[in-house]
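Protein chains in written order, with our numbering: chain A, 1 to 247; chain B, 1001 to 1266.
Before any comments, here is the structure.
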Amino acid sequence: MTEPTASAPPGLAVEHLSFGYGAELVLRDVTFSVEKRRFCALLGPNGAGKTSLFALLTRLAMPRAGRIGIDGLDLAGAPRAALSRMGIVFQQSTLDLDLSVRSNLSYYAALRGLYGRDAARRIDAALDRLGLRDRAGVKARELNGGHRRRTEIARALMHGPQLLLLDEPTVGLDPESRAEITRHVHALCETEGITVFWATHLVDEVAPGDDLVILHQGRVLARGVAAEVAGDRPLEAVFLDMTARSA
Amino acid sequence: MRAYLVALVAIVARELLRFVAQRGRFLSALVRPLIWLLVFAAGFRSALGLSIIPPYATYIPYEVYIVPGLCGMIQLFNGMQSSLSLVYDREMGSMRLLLTSPLPRWWLLFSKLLAGAVVSILQVYAFLGVAALFGIDLPLWGYLSALPVLLLTGLMLGALGLALSSGIRQLENFAGVMNFVIFPAFFLSSALYPLWKMQESSQLLYRLCTLNPFTHAVEAIRFALYGQANLAALGWTIAALAVFVALALLGYTPMRQPSRGLSRRR
Chain A
1 MTEPTASAPP GLAVEHLSFG YGAELVLRDV TFSVEKRRFC ALLGPNGAGK TSLFALLTRL
61 AMPRAGRIGI DGLDLAGAPR AALSRMGIVF QQSTLDLDLS VRSNLSYYAA LRGLYGRDAA
121 RRIDAALDRL GLRDRAGVKA RELNGGHRRR TEIARALMHG PQLLLLDEPT VGLDPESRAE
181 ITRHVHALCE TEGITVFWAT HLVDEVAPGD DLVILHQGRV LARGVAAEVA GDRPLEAVFL
241 DMTARSA
Chain B
1001 MRAYLVALVA IVARELLRFV AQRGRFLSAL VRPLIWLLVF AAGFRSALGL SIIPPYATYI
1061 PYEVYIVPGL CGMIQLFNGM QSSLSLVYDR EMGSMRLLLT SPLPRWWLLF SKLLAGAVVS
1121 ILQVYAFLGV AALFGIDLPL WGYLSALPVL LLTGLMLGAL GLALSSGIRQ LENFAGVMNF
1181 VIFPAFFLSS ALYPLWKMQE SSQLLYRLCT LNPFTHAVEA IRFALYGQAN LAALGWTIAA
1241 LAVFVALALL GYTPMRQPSR GLSRRR
């Protein structure tokens, strides 16, 4: 985690972001940035403002103050170009359970402006990635929780985004699938060279080498490489201390 | 430009696929108006004397009178149901998926509206088909001339639902929508009785009926089913469509100081 430099814009830059409902402020002066090709975890207890931050990053809501940069593009100034560089996995599943895996993928492709042979190729590639090429016709309902998440991640990557946003993607999964998804996305970050921004309230999903932003009650309490934030103590203890102290 | 059309077709196709997959929804959409037609109308026909009013050229039995109103009811229910599923989170995830597409929001919302209208039109024709089996048929060309009007009314009632879904959180369940939207819209209209009947009972209620966009939707459908254009009703329906679309667009534009919104629903 470094401050933005003039040469290469960060994959994600958040500057002095504030947001609230009525008089209640949910995010206060949130600032951080994620360098390209880095995995950054947004760690915060429930109610820290993680989902609100995601709503701002995906332009489902607008900040009261502050600015969001996606790969050097201003989200408020060029929302459509910025959105087209993002892949998003929401906390709540957005698969159509009654439709087949292939229909889910092709619907997404169309929403992202992909069509024809190009879309077909990307859909097949996503199915291969999932190992579901032979079972593309099964309804999404028939997949287990881990596989549904994998499908959503593969879908979010179909249009070749530079930035992958995931809002607590392991919620509701068993420990094994949770570890598997966490490993999978870490690997994606390395092999595909995409920037990953991963929200969670679970410390064990953060690897020592990841960038880390700790959010609590709408404020950034710490940012930096996870191992450095933790120092010589376990990250869990540091996180609990921080959130308890400022509560 | 092609990307716009591809997205539109995909959104409509998805709605159709979902509609086919959810057989229960189709069945209840069909049974509801049939109960009105075959039971309510049968009991009611002797109680209500109808005079000859346009577009009818002759005396008509009561069950023929209420067919256009029931077509409107199907579309009203469809519009409210799709909006409720949005308010109720069942569909909120898919709405997020839609709104984070890089295409312009107005186009995405229009596609969503069109998709809902297409589904409601299928329901209407299924209903008209069953009604015809029971001997309640219309002039043949009426089935065709009603199509563009059903598209318009379907869009208008869908836009009403979309506007409600974006602006109102208080409609927490379907009972609330039934009480505060569907029943008033349905009963304060010309769906079940001609408005001159209402005028004999209460001038105030009559005024309310004439202001109700649903009345104009029903009248537009009624005339279209007999191959005629009721320009006043069509004009009112188009005006209502414009207002509801504007409200829906406003509601789904991200705001700096939301009182509620997509961001808050989890």
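Backbone N, C-alpha and C define an ideal beta-carbon position, used for all residues, glycine too.
Every value quoted in this text rests on a predicted model; they were computed, and no experiment measured them.
Check	Outcome
For M86(A), the first and last residue of its enclosing beta strand (DSSP E)	86-89
Alpha helix (DSSP H) segments (min. 4 residues) lying fully within the stretch 1172-1225 of chain B	1174-1177, 1183-1187, 1195-1201, 1203-1211, 1213-1225
Unbroken alpha helix (DSSP H) run spanning R283(A), endpoints	Within the shown structure, residues of chain A are numbered from 1 to 247, placing residue 283(A) beyond reach of any answer.
Q1081(B) versus L1128(B): straight-line alpha-carbon distance, rounded	21 Å
Inter-residue spacing [alpha-carbon to alpha-carbon] between A1240(B) and I1221(B)	15 Å
Per-residue contacts from I88(A) into chain B (C-beta, under 7 Å)	T1100
Residue-chain proximity (Q1304(B), chain A), Cβ-Cβ < 8 Å	One cannot answer for residue 1304(B) here, as it falls past the ends of chain B, which runs 1001 to 1266.
Helix, strand or coil at R1266(B) [DSSP, three-state]	Only weak support is given to the placement of R1266(B): the predicted model assigns it a pLDDT of 35, under 50, and the question is left unresolved by the model.
DSSP state of S1083(B) mapped onto helix, strand, coil	helix
Reference G10(A), options L57(A), R37(A), M158(A), E24(A), closest by Cα	Residue identity check: residue 10(A) is Pro in the sequence provided, not Gly. Considering only alpha carbons, the answer is R37(A).
C-alpha gap between M242(A) and Q1022(B), whole angstroms	49 Å
Cβ-based contacts, 7 Å cut-off: residues of the stretch 1026-1048 of chain B near chain A	none
Chain-ordered chain B contacts of T94(A) [CB-CB under 8 Å]	G1093, S1094, R1096, L1097
C-beta neighbour in chain A for V1006(B), strict 8 Å	yes
Span of the alpha helix (DSSP H), counted from its first residue to its last, around R1023(B)	1023-1035
The beta strand (DSSP E) enclosing D211(A), as first and last residue numbers	211-216
Terminal residues of the alpha helix (DSSP H) in which D204(A) lies	D204(A) -> no alpha helix (DSSP H), and no H or E assigned at all.
Presumed contact (8 Å Cβ cut-off) between L294(A) and P45(A), rounded CB distance	An answer regarding residue 294(A) cannot be provided, because it is not within the stretch 1 to 247 covered by chain A.
Length of the line joining the Cα atoms of T51(A) and V101(A)	26 Å
Residue interval of the alpha helix (DSSP H) (run including R28(A))	That residue, R28(A), is in no alpha helix (DSSP H); its beta strand (DSSP E) goes 24-34.
Given 8 Å, three or more beta-carbon pairs between the stretch 1199-1219 of chain B and the stretch 1069-1077 of chain B	yes
R1260(B) versus G22(A): straight-line alpha-carbon distance, rounded	Note on R1260(B): pLDDT 48, under 50, position unreliable in the model; the coordinate value appears next. About 9 Å.
Residue from Y1252(B), L1147(B), W1196(B), I1121(B) whose Cα sits closest to the Cα of I1052(B)	W1196(B)
Proximity winner among A1185(B), R1002(B), S1101(B), T1210(B), relative to G1079(B) (alpha-carbon distances)	A1185(B)
S84(A) at chain B interface by Cβ criterion, 8 Å	yes
Cβ pair Y108(A), R1002(B) closer than 8 Å	no
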